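Asker: Here it is: the structure, laid out below.
2 protein chains.
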Amino acid sequence: MDENAIAILGGTGDQGLGLALRFARAGRPVVIGSRKPERAVEAALQVRATVPGASVTGLENGDAAELAPIVILSVPFEHCASTLKGIQKRLRAGQIVVSMGVPLATAVGDGATRMLGIWQGSCAELLATLVPEGVEVVSAFQNVSAHRLQHLETEVECDVVVSGPMAARKRVMALCGLVPGLRGVDGGPLANARIVEAVTALLIGLNARYKVPEGIGIRFTGLPSA
Amino acid sequence: MDENAIAILGGTGDQGLGLALRFARAGRPVVIGSRKPERAVEAALQVRATVPGASVTGLENGDAAELAPIVILSVPFEHCASTLKGIQKRLRAGQIVVSMGVPLATAVGDGATRMLGIWQGSCAELLATLVPEGVEVVSAFQNVSAHRLQHLETEVECDVVVSGPMAARKRVMALCGLVPGLRGVDGGPLANARIVEAVTALLIGLNARYKVPEGIGIRFTGLPSA
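Chains as they are written, first to last, in our numbering: chain Y, 1 to 226; chain X, 227 to 452.
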């Protein structure tokens, strides 16, 4: 396992691919995972075409998950639990799973500006019940626009609230610094994912009302600059 | 009733007093309400001492509510419903009640970074069940730091998500423009107050982790500037 590698399961989707492009551009080895390995290979080729010299590979999700200390789960909410269950046995103590899922009501045929109630409180907390011992779940990246991630020529002006166990969340906050414009913000315990995930539904509504298909982001004001 | 007046019930509290100071500074007549009229009078004197020439009066909550088209409810969450019940009969069709309450778990002896579940979904939606016909509830101002409101010499760098029935929320969004730095953002239907209220709990945690007693705010990035 390459200590610098970042695995992105669902890295063929808009947001996952955006993160793959940005992390590759920052010089980090990227492993793209997909349910169908051929789609992962295709996405890896796409990243390499955009970021010449990028170290990026495409693999089936379980194979991808074995290759990086941080495994970002970038699949639609309704597939988060099943994807994690599918790779459970491939994870080792010390790894971090990053939850990006948002329980939008679209999962049950309702609208994207409304949320489902999740028994555990949030997608991230649901996933935390499914990882093997010693693997930690961190919540991050939900509110980052896929469109803005994919447009490498511009900064992604957005704060990323990172929640989860302290040491793990510090490591994920550091990842944010790899993407120009992104800033990792210490979001405290994992339960705060309940709020951060819901902010995505609010942003989707704002995007529609203000007609900003590129996606509206958030910044916190008054944070110490250090 | 003065069409330009703004009533602030609980205007003796930190956040309510901050709004009173800012609206008075902007030249709007302010009516401060309190359960105890003598405390309201005291707060009004305080506003006049800080903003010379301000048009500000202090009255018992029910009397205050009759004097302005927009009535801001700035009392702790646990007193929101009872305060509104106490003034119900004084409200008239066409008035707007602004809900600022946040169901923090402090109301039941738990911490301020956690939320209570409200049957109706949010404080604002709870209050919407208590107003007379023709009176509309709008959710706003939850995330604005009391400290920053009270320091008139500096801008309050914060977006205010305003949710509720369309015409009413446009009127409350316009109020935000009276305070330098505040920007009213169209937060859509009242149910979005569920998200906006919860953001307050997130901000309280950030204030603690980042040691910013003055209060951290939020801005949305990518909004059209017009």
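Note that the Cβ used here is the ideal one computed from N, Cα and C, for glycine as well.
As the structure is a prediction and not an experimental result, all values here were calculated from the model.
Ignoring anything shorter than 3 residues or poking outside the segment 290–357 of chain X, list the beta strand (DSSP E) runs there in chain order.
Answerer: Restricting attention to beta strand (DSSP E) runs no shorter than 3 residues, the segment 290–357 of chain X encloses them at 296–299, 322–325, ordered along the chain.
Asker: Any chance the segment 134–144 of chain Y sits against the segment 185–205 of chain Y, with 3 or more Cβ pairs inside 8 Å?
Answerer: yes
Asker: DSSP beta-bridge partners for residue 161 (chain Y)?
Answerer: Y:185
Asker: Can you look up residue 239 (chain X) in the DSSP assignment and give me helix, strand or coil?
Answerer: coil
Asker: So which residues on chain Y does residue 412 (chain X) lean against when the C-beta distance must stay under 8 Å?
Answerer: 206, 209, 210
Asker: Determine the direct distance from the alpha carbon of residue 348 (chain X) to that of residue 194 (chain Y), and round the result to whole angstroms.
Answerer: In a straight line, the C-alpha of residue 194 (chain Y) is about 15 Å away from that of residue 348 (chain X).
Asker: Determine the DSSP secondary structure at residue 268 (chain X), reduced to helix, strand or coil.
Answerer: Collapsing the DSSP output to three states places residue 268 (chain X) in a helix.
Asker: Going by C-alpha to C-alpha distance, which of X:232, X:435, X:252, X:413 sits closest to residue 322 (chain X)?
Answerer: X:232
Asker: CA-CA distance, residue 63 (chain Y) and residue 57 (chain Y)?
Answerer: 11 Å
Asker: Can you check whether the CB of residue 313 (chain X) is closer than 9 Å to the CB of residue 301 (chain X)?
Answerer: no
Asker: Three Cβ pairs or more, each shorter than 8 Å: is that satisfied between the segment 3–17 of chain Y and the segment 27–34 of chain Y?
Answerer: With a cut-off of 8 Å, the segment 27–34 of chain Y and the segment 3–17 of chain Y count as touching, because enough Cβ pairs lie within range.
Asker: How about residue 351 (chain X): is its C-beta nearer than 9 Å to some C-beta of chain Y?
Answerer: Residue 351 (chain X) does not count as touching chain Y.
Asker: Using 9 Å as the limit for Cβ to Cβ distance, is residue 118 (chain Y) near chain X?
Answerer: No - not a single Cβ of chain X is within 9 Å of the one on residue 118 (chain Y).
Asker: Nearest to residue 357 (chain X) by CA position, among X:307, X:229, X:269, X:444, is which residue?
Answerer: X:307
Asker: Excluding sequence positions up to five away, which residues of its chain have a Cβ less than 6 Å from the Cβ of residue 169 (chain Y)?
Answerer: 138, 162
Asker: So is residue 65 (chain Y) buried or exposed if we call it buried at 16+ other beta carbons inside 10 Å?
Answerer: Buried, by the Cβ-count rule.
Asker: Can you tell me where the beta strand (DSSP E) holding residue 445 (chain X) begins and where it ends?
Answerer: Counting along the chain, the beta strand (DSSP E) containing residue 445 (chain X) begins and ends at 443–447.
Asker: By the criterion of Cβ-Cβ separation under 7 Å, what are the contact partners of residue 192 (chain Y) in chain X?
Answerer: 428, 431
Asker: According to DSSP, is residue 7 (chain Y) helix, strand or coil?
Answerer: strand
Asker: Can you pull the chain X residues whose beta carbon is under 7 Å from the beta carbon of residue 158 (chain Y), in chain order?
Answerer: Those within 7 Å of residue 158 (chain Y) in chain X are 447.
Asker: In chain X, which residues lie with their C-beta within 8 Å of the C-beta of residue 199 (chain Y)?
Answerer: By Cβ distance, chain X contributes 421, 425.
Asker: Strictly under 9 Å for the Cβ-Cβ distance: is residue 115 (chain Y) near chain X by that measure?
Answerer: yes
Asker: Would a check of beta-carbon distances place residue 165 (chain Y) closer than 9 Å to chain X?
Answerer: no
Asker: Can you tell which of Y:26, Y:99, Y:8 has its C-alpha closest to the C-alpha of residue 155 (chain Y)?
Answerer: Y:26
Asker: Measure from the alpha carbon of residue 77 (chain Y) to the alpha carbon of each residue in Y:43, Y:1, Y:153, Y:107, then state which is nearest.
Answerer: Y:107
Asker: So which of X:353, X:250, X:415, X:320 has the shortest CA-CA distance to residue 404 (chain X)?
Answerer: X:250
Asker: Taking the alpha carbon of residue 73 (chain Y) as the reference point, which residue from Y:48, Y:101, Y:53 has its own alpha carbon closest?
Answerer: Minimum Cα-Cα distance from residue 73 (chain Y) among the listed residues Y:48, Y:101, Y:53 corresponds to Y:101.
Asker: Which residues bound the beta strand (DSSP E) around residue 172 (chain Y)?
Answerer: First-last for residue 172 (chain Y): 166–176, but that is the alpha helix (DSSP H), not the beta strand (DSSP E).
Asker: Using 8 Å for Cβ pairs, my map puts residue 129 (chain Y) next to residue 120 (chain Y). What's the rounded Cβ distance?
Answerer: 6 Å
Asker: Excluding sequence positions up to five away, which residues of its chain have a Cβ less than 6 Å from the Cβ of residue 418 (chain X)?
Answerer: 389
Asker: With a cut-off of 9 Å, does the C-beta of residue 440 (chain X) fall near any C-beta of chain Y?
Answerer: yes
Asker: Pick helix, strand or coil for residue 200 (chain Y), following the three-state DSSP scheme.
Answerer: helix
Asker: If you measure from the beta carbon of residue 148 (chain Y) to each beta carbon in chain X, is any gap under 9 Å?
Answerer: yes
Asker: Count the other CB atoms within 10 Å of the CB of residue 385 (chain X); is the residue buried (16 or more) or exposed (fewer)?
Answerer: buried
Asker: With DSSP as the reference, label residue 47 (chain Y) as helix, strand or coil.
Answerer: For residue 47 (chain Y), the three-state secondary structure derived from DSSP is helix.
Asker: Do residue 20 (chain Y) and residue 41 (chain Y) have their beta-carbon atoms positioned less than 9 Å apart in this structure?
Answerer: no
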